[in-house]
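Numbering (our numbering), first residue to last: 85 to 269.
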């Protein structure tokens, strides 16, 4: 039985991909640990102070860690008492002997709105990230302060209703047609 060069090439390519993919996945030694960093930003509003911290072994012992806040008017974010003048505010902190970043107090700008991404990185670790969704309403309801707006889904509900109505019309038309075809015989 003779094998074609194309089949041989295909088998070789699939074998190389099967063994090459895991090797490529293990190439990076820097990776962010899952849920290593967190913040208490749920329900935070403009001008509020939130706390950001990272678990043990996220960083090396006594390592310099850069914490960055990115968002609309990120320059208005302050770390403790230091005001930043750039669009992305950042400051350096020190991890403890166990590689944990102690809680960092971040004060959001008084005109904060939208999503703020908080990231912590160091020279030897990818660190971790956390997000803060900022609500600009004056509501004290935690659901509203978390950033959910039911009006954003209105178009989705209208579209789904229109699709259901169109499906019902097609179903009725098909049923009437079948009934007429049976009675014509």
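Where a beta carbon is used, it is the ideal one built from N, C-alpha and C, also for glycine.
Could you please give the first and the last residue of the uninterrupted beta strand (DSSP E) stretch that includes residue 185?
185 to 191
Going by DSSP, what residue range makes up the beta strand (DSSP E) through residue 203?
198 to 206
Within 9 Å, strictly: CB atoms of residue 242 and residue 125:
no
Is residue 126 helix, strand or coil by DSSP?
coil
Reference residue 192; option with closest CA among 122, 120, 182 and 130
130
Classify residue 194 as helix, strand or coil using the three-state DSSP reduction.
coil
Are residue 209 and residue 143 close, meaning C-beta to C-beta below 9 Å?
yes
Own chain residues within Cβ distance below 8 Å of residue 178, not counting five before or after:
146, 147, 148 and 149
Cβ-based neighbour list, residue 120, same chain, cut-off 6 Å, excluding 5 preceding and 5 following:
138, 139, 142 and 212
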